[in-house]
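Engineer:
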Amino acid sequence: MKDLAYFEKELNEINHILIISAGASFDLSLESIQKFLKEKSCFVMIADSMAEAFFRLFKDYNYLSLTFSVERKFHCFLKGIKSPIAFYAHGNLANLPRKNSDIYFFNYLHDKNQKFNLKLISPGTVTGTMIAYALYLLQKYPYEVDSFGVDFAFPAGLYGSKYGAWFLESNSNRFFRKEGWHFEASLSRSYYFMPGFSVPVKTSEEFKRSKENIKKLFSTVHFPLVWRQHGPFKL
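The numbers in the numbering used here rise by one with no breaks, and the one at position 111 of the sequence shown is 119.
1) For Met58, which of Leu104, Gln42 and Gly31 has the nearest alpha-carbon?
2) Using DSSP's beta-bridge definition, name the partner residues of Val234.
3) Could you please give the first and the last residue of the uninterrupted alpha helix (DSSP H) stretch that includes Ala61?
4) Apart from the five residues on each side of it in sequence, which residues of its chain come closer than 7 Å, Cβ to Cβ, to Ile244?
5) Can you grab the Cα-Cα spacing for the pair Leu195 / Thr133, in whole Å?
6) State the start and end residues of the unbroken alpha helix (DSSP H) segment that holds Phe44.
7) Could you check what DSSP says for Ser218 in three-state terms: helix, strand or coil?
8) Let me know the secondary structure DSSP gives Thr75 once reduced to three states.
9) Is it right to say Glu18 is buried, meaning 16 or more other beta carbons lie within 10 angstroms of its own, or is it exposed?
Have a look at this one:
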């Protein structure tokens, strides 16, 4: 188990960064992702909830990957992941796969460079972490960045949707059924429940908070960068 700073030595041959999150627009982006993996030397940062599906879909391509996880409670997203993992230092160690020794730990820094135990309550925390790491790397390396599945609304721009199993379309490439059920369960902790309904409802306030948090990251950038967000739900 190493500090995430040690991972940089793996990036010598990289010329492109892909950021992969679990938003619905991921299903619209498979051909674009394939094109990047074929034509570029890619470093792929993947949200833990998407890792199993991503590796299943793109197992035949050559790329460097790092799966990010910040979960302090229990989940099973990482159990089958054998490639490198970036793991929040205060996360639940029980979530780590036993047969994976390629683990990198990271922490969050206060404005005064003091480590603190962040309360991870906002949706988009994993995506924000990946974006922050990409911005850190861009200060040193002339990479271009493309992000997929980084959404701040449901399809058609909707800000509210009952999140039942029926919401995971049968033609979706993001999850197997077991992955979808677990994804819903993990999200439900931060959802509000509407009176009279037994299913959680995503609220516009959570999307707004996620969007604002990530926009703050970009407000700190004072250097040129090439960053493209794919999908219909723009930052």
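Backbone N, C-alpha and C define an ideal beta-carbon position, used for all residues, glycine too.
Structural biologist: This is what the structure holds:
1) Taking Met58 as reference, the option from Leu104, Gln42 and Gly31 with the minimal CA-CA separation is Gly31.
2) Glu152
3) Asp56 to Leu65
4) Nothing can be reported for residue 244: it is not among the residues displayed for the chain, which extend from 9 to 243.
5) Residue confidence for Leu195 is low, a pLDDT of 46 falling below 50, so the modelled location carries little weight; the figure read from the coordinates is stated next. Going from the Cα of Leu195 to the Cα of Thr133 covers about 12 Å.
6) Residues Leu38 to Glu47.
7) helix
8) strand
9) exposed
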